[in-house]
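Data first, discussion second: the structure below is written as structure tokens.
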Amino acid sequence: MGFKHLVILGAGSTIATIPNGDKNGEFSYTLYNLLKDKCFTSFVKKVQAKDFQTDDVEALCNQLYEENRPLYDEFESLVRKKYASLELPDGFTILDRLVLSLTPNDAIISFNWDDLVIQAYQRMSEYVPEEMLPILAFPHGNAQAVYNNKHYTSKRIVTSPGWFDSPLNMPVDEIDYKSDVFINSQWHILDFFMRNAQMVTFFGYRGPDSDEQDLKHLDELFAKNKICDKIEIIDKNLELAMQVAKRLERFKMQTNWLYPCADFWHSSIAKHPRRTLSAIGNWNYSTKTFANEETLAEFMSHVGPLIDEEQELLDNKV
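Residue 318 is where the sequence shown ends in full-length UniProt numbering, and the numbering goes up by one at each step.
Structural data, given as structure tokens:
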């Protein structure tokens with residue numbers, strides 16, 4: 001097994017990928033402003049008419065689950081519908097680039113309910129063999145993920161019966177999501193990479209209050225990681241990235257380098273696609289400039305030879 005790079009995605013990564021809306025002009029939101037989406041307009045009016053407060057989605061979820069289960073079920077259904085509907089634009093996006101910039105030793109762990117990273121993986125697998133792409137996992141579930149007793153995949157791929165919908169890890173204190181077989185399997189993947197990653201990148205993830213138990217769990221795992229050299233935090237500007245760094249300072253004890261990035265283009269992933277770990281602490285490692293307006297063809301002209309090198313090494317091991 002080679003050294004590993006773990007990338008953890010939060011809502012900000014989806015927003016950065018579709019800043020002008022998705023393929024159909026739809027936008028993504030963080031949990032804090034989710035109810036601003038037009039998808040929830042009539043629902044908000046309904047719950048406000050019943051004197052539920054809607055300014056705190058986490059509190060609303062807990063209150064509805066305890067006091068009005070039909071309304072809670074309606075809300076969860078709307079959330080699933082909203083995030084299942086998002087589609088990547090036709091152009092080469094940040095998530096496409098992210099998928100191509102990591103190796104099969106690496107993992108992308110998405111806490112997002114949308115499946116944009118799955119879409120990116122699927123369309124990039126048309127250009128690069130799947131065995132050369134990173135592992136994907138969804139510890140909070142995914143609106144388009146389905147599973148059976150052997151596999152998990154996307155609803156966009158399978159149409160046959162016998163598949164179960166992934167749960168969505170709604171912010172409800174009473175529900176033990178990890179007892180679900182799918183969610184549990186996804187946490188096993190995250191647990192492994194948190195213990196064994198040489199580098200961790202948080203992209204658009206701000207560690208919301210509802211994730212506090214998850215963060216404590218990750219902290220316990222990370223304490224067992226003796227090889228992590230660098231943590232990067234990507235947000236939409238440096239000030240916000242520094243705020244997140246402060247929120248995630250609990251992880252700093254295990255590494256010498258907690259590095260906030262002003263945006264994706266300042267990250268090691270953007271500067272050193274498929275070679276992020278080779279560049280750690282290597283001051284002689286040359287940084288190539290990859291313009292953010294590059295097409296897929298232009299980007300492949302850079303990373304294609306790197307993938308060929310990796311493929312040759314794998315073939316020689318067989």
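C-beta atoms are modelled at their ideal positions from N, C-alpha and C, and glycine is treated no differently.
Do Asn292 and Ala262 come within 8 Å of each other at the CB atom, strictly closer than that value? Start at 1 with the first residue of the sequence shown, and residue 262 comes out as number 262. Start at 1 with the first residue of the sequence shown, and residue 292 comes out as number 292. No. Outside cutoff.
Cα-Cα separation between Lys4 and Leu221, rounded to whole angstroms: Looking up residue 4 in the sequence shown gives position 4. Looking up residue 221 in the sequence shown gives position 221. Looking at the two C-alpha atoms, the distance is approximately 15 Å.
Per the DSSP calculation, Cys261 is bridged to which residue(s)? The sequence position of residue 261 within the sequence shown is 261, counting from 1. According to DSSP, which records beta bridges pairwise, Cys261 is partnered with Ile234.
Comparing C-alpha positions only, which one of Leu133, Glu87 and Cys61 sits nearest to Leu306? Translated into positions along the sequence shown, residue 306 becomes position 306. With distances taken between Cα atoms, Leu306 lies closest to Leu133.
Beta-carbon proximity check, residue 377 vs Asp114, cutoff 8 Å: Nothing about residue 377 can be reported from this structure: the residues present for the chain run from 1 to 318 only.
Does DSSP classify Leu6 as helix, strand or coil? Here residue 6 refers to the residue found at position 6 of the sequence shown. It is a strand residue.
Can you list, in chain order, the residues of its chain whose CB lies under 8 Å from that of Pro167, leaving out five sequence neighbours each side? Here the question's residue 167 lines up with position 167 in the sequence shown. The residues are Gly141, Tyr177, Asp180, Phe182 and Ile183.
Counting C-beta neighbours from all protein chains within 10 Å, is the total for Gln198 16 or more, i.e. buried, or is it exposed? Position 198 of the sequence shown holds residue 198. The residue in question, Gln198, is buried, as its Cβ has 16 or more Cβ neighbours within 10 Å.
Which runs of the alpha helix (DSSP H) at least 4 residues long sit entirely within the stretch 171-209? Give them in chain order. 181-196
For the stretch 26-39 against the stretch 91-108, are there 3 or more C-beta pairs whose distance is under 8 Å? no
Rounded to whole angstroms, what is the Cα-Cα separation between Trp257 and Glu232? On the sequence shown, position 257 is the one that residue 257 refers to. On the sequence shown, position 232 is the one that residue 232 refers to. Rounded to whole angstroms, Trp257 to Glu232 spans 8 Å at the Cα level.
What whole-angstrom Cβ distance do Met194 and Leu215 have, given they're in contact under 8 Å? If you number the sequence shown from 1, residue 194 lands on position 194. If you number the sequence shown from 1, residue 215 lands on position 215. Not a contact, Cβ separation roughly 11 Å.
Run through the DSSP bridge pairs and tell me what Ala145 is partnered with. For the purposes of this step, residue 145 is taken as the residue at position 145 of the sequence shown. Ala145 pairs with Ser154.
Look at the Cβ atom of Leu190, then the Cβ atom of Pro139, and state whether they are nearer than 8 Å. As a working note, residue 190 is residue 190 in the sequence shown. As a working note, residue 139 is residue 139 in the sequence shown. Yes; because the gap between Cβ atoms is below 8 Å, this pair is in contact.
Return the first residue and the last residue of the alpha helix (DSSP H) that Ile94 is part of. Translated into the one-based positions of the sequence shown, residue 94 becomes position 94. Segment Ile94 to Ser101, the alpha helix (DSSP H) holding Ile94.
Would you tell me roughly how many angstroms separate the C-alpha atoms of residue 321 and Gly12, rounded to the nearest one? This structure does not reach residue 321, given that the chain is present from 1 up to 318, and the question cannot be answered.
Please report the straight-line C-alpha distance between Lys50 and Ala270, rounded to a whole angstrom. Walking along the sequence shown from the start, residue 50 turns up at place 50. Walking along the sequence shown from the start, residue 270 turns up at place 270. Answer to the nearest angstrom: the Cα atoms are 48 Å apart.
What residues are listed by DSSP as bridge partners for Ile135? By one-based count along the sequence shown, residue 135 stands at place 135. The partner list for Ile135 (beta bridge, DSSP) reads Ala107.
Just the C-alpha distance for Asp235 and Gln243, rounded to the nearest angstrom, thanks. Your numbering for residue 235 matches position 235 in the sequence shown. Your numbering for residue 243 matches position 243 in the sequence shown. Straight-line Cα distance between these residues: approximately 10 Å.
Note down, in chain order, each residue of its chain lying with its Cβ closer than 6 Å to the Cβ of Ser110, except the 5 sequence neighbours on either side. Translated into positions along the sequence shown, residue 110 becomes position 110. Leu9, Val117 and Phe138.
So, under 8 Å CB-CB, residue 323 and Ile280 are touching, yes? Tell me the CB distance rounded to an integer number of Å. The structure shown does not extend to residue 323, since the chain spans only 1 to 318, so no value can be given for it.
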